[in-house]
Every structure is written in C-alpha cells, then in structure tokens.
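Written out below as structure tokens is the structure these notes cover.
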Amino acid sequence: MRIREAVLTPVAFADPPLLNAMGVHEPYALRSVVQLVGEDGVTGLGESYGDEGFLAQARKVAEQLPGWDVFDLPGLRRIVERVVGETVHTDLHGLTGGFSVGKTLASVYALFEVAALDAQGRLLGRPVYDLLGGRVRDEVEFSAYLFYKFGAHLGAAGDDWGEVLTPEALVGQARRMVGTYGFRSLKLKGGVLPPEQETEAVRALAGAFPGHPLRIDPNGAWTPDTAIRVAHALDGVLEYLEDPTPGTAGMARVAARAPMPLATNMCVVRFADLEPAVRARAVGVVLSDHHFWGGLRDTQALSVACRSFGIGLSMHSNSHLGISLAAMVHVAAATEHLSYACDTHWPWKESDVIAPGALEFRDGAVRVPDGPGLGVELDPDALARAHETYLRCGLTQRDDTGYMRRYVGASSFRPHTERW
Ligand code: GKR
Ligand code: MG
737 MRIREAVLTP VAFADPPLLN AMGVHEPYAL RSVVQLVGED GVTGLGESYG
787 DEGFLAQARK VAEQLPGWDV FDLPGLRRIV ERVVGETVHT DLHGLTGGFS
837 VGKTLASVYA LFEVAALDAQ GRLLGRPVYD LLGGRVRDEV EFSAYLFYKF
887 GAHLGAAGDD WGEVLTPEAL VGQARRMVGT YGFRSLKLKG GVLPPEQETE
937 AVRALAGAFP GHPLRIDPNG AWTPDTAIRV AHALDGVLEY LEDPTPGTAG
987 MARVAARAPM PLATNMCVVR FADLEPAVRA RAVGVVLSDH HFWGGLRDTQ
1037 ALSVACRSFG IGLSMHSNSH LGISLAAMVH VAAATEHLSY ACDTHWPWKE
1087 SDVIAPGALE FRDGAVRVPD GPGLGVELDP DALARAHETY LRCGLTQRDD
1137 TGYMRRYVGA SSFRPHTERW
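Quick note on numbering: the sequence shown equals residues 737 to 1156 in the numbering used here.
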C-alpha cells in the first residue's frame, strides 16, 4: 500500500502540576499524532512528542512520504536519515537522558514505524502483536505512577487530586490509583523533596500496601553517596531503584553497593550506551521506550540484547494518549523478555484522541486489543478539540523548570543532577 498523505497534528491535553527533579508539569502536555493515509483509504496511527523541535523534523519526513510503500520499513529509515540528517533534537527537561543524532533518528523513525505497523495490520486484518511475531501474553501489567504534586496550577482552581507533599497524602494518592486501576507495582517519582523525606514516603507506601512491589525514580537528583545511603535504607523494600544518580560511572558506583538492581531510562538510551553500561555493571534493568528506542521492532531487539546480558527489561513512559498506550501494549505483549510491570502516565489525563473502550485497566493490566492494527480508533472530533487546545494553550515545548521558576521565583529553584 502506497501512502497518499501523512497528516501530522500537534495536540495538547490538560496535565496536573506534577513534580519532578526538573520542576513541575505545565497545565498542558504536548503530543503529536500522525495519520498515514494510504491510496486505498486505509489509515495508520502513530503518536509521539509534541515539542516544536521534534515536530519540525517529523513534518519534514511526513512531506516525503507520499508514494512510499507502508511495508517498506528500511525505505522509511532511509527517508528519515536523509531528511533528519545530522540534526540533534534536544529538550528542555532532560528526563530521558542525553541527546544524539542516533536518538533523534530513532525517535522520528519510531513515530512513523508505529503508524506503518498499524496500517499494515489493518490491511492484513491482523493485530500489530502478530506482525511482531505473535503475543506471548494476553494482558500487559502496568505500575501506578505516583507523583508529588502541587494542589493547583498557577492562577487556577485546585484539581481533585489535591496537593501531595507528605507521606500521608502520597498514600492517599496511591489508594485512589490502586482502587481505580488495581495496580500492584507502585512507582514514586522522586528527586523532589530531600531524600530522607522520600525514603520515609516509600516506607509509608510499603506499610500501606504490603506485598506491592515498589520503585523510586529521582531522575539522577542524588549524588552516588546519597544514592547508596538511600539504597541501604530501602533494602528489602524496593524491587528496583531507578536512575538514582546521573551517568554510567555514578550508576556503577551505586550499583556496586546497592542491595537492589538499578534501573534506567537516562543512562542507557540508545544501543551504543549498552556496551559501556554492561562493562561497568552500571544497570540491572533497562526501561525501554519505543518512542526513542527506534519503534516497536527495535524495542524487541533491545529486549533480546538485555536478555543476553542478564539485564531485566521494564518500560518507561512520559505523558501520553491512547495511541501510545496501544503501541506500548502491543510491543509488551509480543516481547518475551519483559521482566517488570510497565510505567504509564494514563491516570493523569482526562481526555484522549481515541474512541473510548479499547484499552481498559483491570487488576493493573490492560488486555491486548485483538482488532486489526493497534486496535484503537481515532475520534476525529476529539482530535480536532485536542488540536484546538494546542493552538490555544500557546505552549510549544515542555519546560518544567521554567514553570517551576514561575511558582517559586527564578533564583530559588535549581533543577536536578546531584542536587542532594
Ligand atoms: O512525567 O515528570 C514526568 C516524568 O519524570 C517523565 O518525564 C520521565 O521521563 O517518567 C519518566 C522517567 O521515568 O524518568
Ligand atoms: Mg525514569
């Protein structure tokens, strides 16, 4: 099937003031939605980042796609390499590690690869997991993604999650998530409060949810010494400790002393990072993310590489909508070596661009959709509304640090990297 048109639509959706080491989430999260429209009218869907720098590259690729055969993925790679060239896409938040030409190419390619696989599946009448080799699980388990948060956006009324800055409030947030979605694993986004307070919060979670696997992720906000101290304080409590400190050397220092495995979505973010990390024994778990690991097939390749080095695989998430969740579910379903429940920001959004019903959480897991392609349908009115929101909100790139400085004053906030 040849492509007639590739339609790229930037969208925005409301996001609560969630805190991380870099600052605070702005009132809207940005994403991009691509529709690959074939000459026979079949359409494939993809979703990825919505920052202007990413959109600029994706737009250039979209313009080149008319006439391209949707089964020709090597051809797609060539188009992306030609168009993106040596460009390095950077972002302001730095929460997914370093930037490089390779990571930029992998990210742009991934957006279109997912849409191509969706289109292929629709044409063949088969779900994407079949195109990835068949499913090894019927449902995919996710973890609750707990955040410290402010009670309200600047100048706005409070949201119904309320302010969460204490262990008690955090346990309340976890109760709501577990009650609504049935999550087992609980992940706390750390790097926000002093490490002793975050350690106490994890202990409170352990007390309130006995038997639930726990994780904390300060996005590299701690020094190696602090990370080692926290790791010992949480011995027997955490299933893994995620990105406690920046860089392979720092992670290796911590890994040598920590009683639990270290996980990362910051120091191993492309295939070239694997060898030095393995050599240094810096990580025990890699968090895959098809959005920047080169799509669904390269995510499976990452899984095989991790298995051969005895490294576990989990899955990273950023604020996302239903097309991304569908892609995450399909690749997770078709990936044998997936050792942990995947991350998702799903509970933090109130709207979507897909028709409801295809993806539902039960007992912390999503049943893999059986329909053709990704098994989700675009809701054109919802897409139009989300695009309107994008135009109206005036944001063009995610800037958690800039927004935090508007809350607390420019001089009183220093973003992460060994802040404690
Ligand atoms: O949404 O604030 C957030 C997260 O901090 C996200 O941006 C990270 O990339 O979830 C991510 C992580 O695990 O590092
Ligand atoms: Mg992380």
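Think of the CB as a built atom: it goes at the ideal place given N, C-alpha and C, for glycine as much as any other residue. Here the structure is a predicted model, which is why all the values come from computation and not from measurement.
For E849, the three-state DSSP class (helix, strand or coil) = DSSP, read as helix, strand or coil, puts E849 in helix.
query = Going by Cα to Cα distance, which pick from A880, Y881, W897, L882 is closest to A888?
reply = Ranking the options by Cα distance to A888, first place goes to W897.
request  = Please name the residue in L853, S836, L755 whose C-alpha comes closest to that of V864.
outcome  = The residue among L853, S836, L755 with its C-alpha nearest the C-alpha of V864 is L853.
request  = Helix, strand or coil for L831, going by three-state DSSP, please let me know.
outcome  = Residue state for L831 is assigned as coil, using DSSP reduced to three classes.
ask   = What first and last residue would you give for the alpha helix (DSSP H) that runs through G1138?
value = Going by DSSP, G1138 is part of the alpha helix (DSSP H) stretching over 1136 to 1144.
query = Going by alpha carbons, who is nearest to P1083 out of A750, I739, L744, E741?
reply = It is A750 whose Cα lies nearest to the Cα of P1083.
request  = Check the DSSP bridge columns for V816 and list the partner residues they point to.
outcome  = Bridge partners of V816: none, in fact.
ask   = When we look at the beta-carbon of S1060 and count the other beta-carbons within 10 Å, is it buried (16 or more) or exposed?
value = Counting Cβ neighbours within 10 Å, S1060 comes out buried, since at least 16 surround it.
ask   = Nearest to A1176 by CA position, among V1102, D1034, P763, is which residue?
value = Any question about residue 1176 goes unanswered here, given that the chain covers just 737 to 1156.
message = Helix, strand or coil for R912? Go by DSSP, reduced to three states.
response = Helix, per DSSP.
ask   = For L929 versus V938, is the C-beta spacing smaller than 8 angstroms?
value = 8 angstroms or more divides the Cβ of L929 from the Cβ of V938.
query = Pairing CB atoms from the stretch 1009 to 1017 with CB atoms from the stretch 959 to 976, are three or more of them under 8 angstroms?
reply = Fewer than three pairs of CB atoms, one per stretch, sit closer than 8 angstroms, so the stretch 1009 to 1017 makes no contact with the stretch 959 to 976.
key: Contact test: E934 Cβ vs the ligand MG heavy atom, cutoff 7 angstroms   = False, no ligand heavy atom lies under 7 angstroms from that Cβ.
query = For G1031, which of A957, T1071, I1047 has the nearest alpha-carbon?
reply = Of the candidates A957, T1071, I1047, the one whose C-alpha sits nearest the C-alpha of G1031 is T1071.
request  = Please determine if the stretch 991 to 1008 and the stretch 798 to 818 are in contact, where contact requires at least 3 C-beta pairs separated by less than 8 angstroms.
outcome  = At 8 angstroms Cβ cutoff, the stretches do not touch.
request  = Could you name the residues that DSSP lists as bridge partners for S731?
outcome  = Given that the chain is displayed from residue 737 to residue 1156, the structure contains no residue 731 and the question cannot be resolved.
message = Classify R1098: buried if its beta carbon has 16 or more other beta carbons within 10 angstroms, exposed otherwise.
response = Classification for R1098: exposed.
query = Using DSSP with H/G/I as helix, E/B as strand and the rest coil, what is A1077?
reply = In the structure shown, A1077 falls within a coil segment according to DSSP collapsed to helix, strand and coil.
query = So, L1119 versus G1058, is the Cβ gap smaller than 8 angstroms?
reply = Taking 8 angstroms as the Cβ cut-off, L1119 and G1058 do not qualify as a contacting pair.
task = Drop a sphere of 10 angstroms on the beta-carbon of G1147, count the other beta-carbons inside from all chains shown, and report buried for 16 or more, exposed for fewer.
result = Per the sequence shown, residue 1147 should be read as Ser rather than Gly. Under this definition S1147 is an exposed residue.
key: Classification of L1127 by the beta-carbon crowding that lies within 10 angstroms, buried from 16 upward   = That one is exposed.
key: E975 versus V1021, L1010, G986, residue with shortest Cα-Cα distance   = Ranking V1021, L1010, G986 by CA distance to the CA of E975 puts V1021 first.
query = Near D1115, which residues of its chain fall below 7 angstroms by C-beta distance, leaving aside the five closest residues on each side in sequence?
reply = Excluding sequence neighbours, D1115 sits near V1089, I1090, A1091.
task = Take every Cβ of the stretch 819 to 827, pair it with every Cβ of the stretch 744 to 761, and state whether three or more of those distances are shorter than 8 angstroms.
result = These segments do not touch.
Simplified DSSP assignment, three categories, for R1033 = In the three-state DSSP reduction, R1033 falls in the helix class (H, G or I).
message = Our contact map puts V973 next to A942 with C-beta atoms below 8 angstroms; I'd like the distance itself, whole angstroms only.
response = 5 angstroms between Cβ atoms; contact.
key: Length of the line joining the Cα atoms of W1156 and V797   = So the two alpha carbons sit approximately 42 angstroms from each other.
query = Does any heavy atom of the ligand MG sit closer than 7 angstroms to the C-beta of E975?
reply = Not so, every heavy atom of the ligand MG lies at least 7 angstroms from the Cβ.
message = Tell me the residue span of the alpha helix (DSSP H) that contains Q933.
response = Following the DSSP letters along the chain, one finds Q933 inside the alpha helix (DSSP H) bounded by residues 931 to 944.
request  = In angstroms with no decimal places, state the Cα-to-Cα distance between D1079 and D776.
outcome  = Spanning the two alpha carbons is a distance of roughly 36 angstroms.
ask   = Cβ-heavy atom distance between S1055 and the ligand GKR below 7 angstroms?
value = Under cutoff, so the answer is yes.
task = Give the straight-line distance between the Cα atoms of R740 and G861, rounded to the nearest whole angstrom.
result = Taken atom to atom, the span from the alpha-carbon of R740 to that of G861 is near 20 angstroms.
inquiry  = What does the alpha-carbon distance come out to for the pair A988 and T1000?
reply    = When the Cα atoms are used, A988 and T1000 turn out to be separated by approximately 12 angstroms.
ask   = If we count the other Cβ atoms within 10 Å of its Cβ and call it buried at 16 or more, is E904 buried or exposed?
value = Label assigned to E904: exposed.
query = Cβ-heavy atom distance between H1052 and the ligand MG below 7 angstroms?
reply = Annotation for H1052 indicates a beta carbon within 7 angstroms of some heavy atom of the ligand MG.
query = G1109 by DSSP, collapsed to three states: which one?
reply = G1109 sits in a strand when the DSSP states are folded into three classes.
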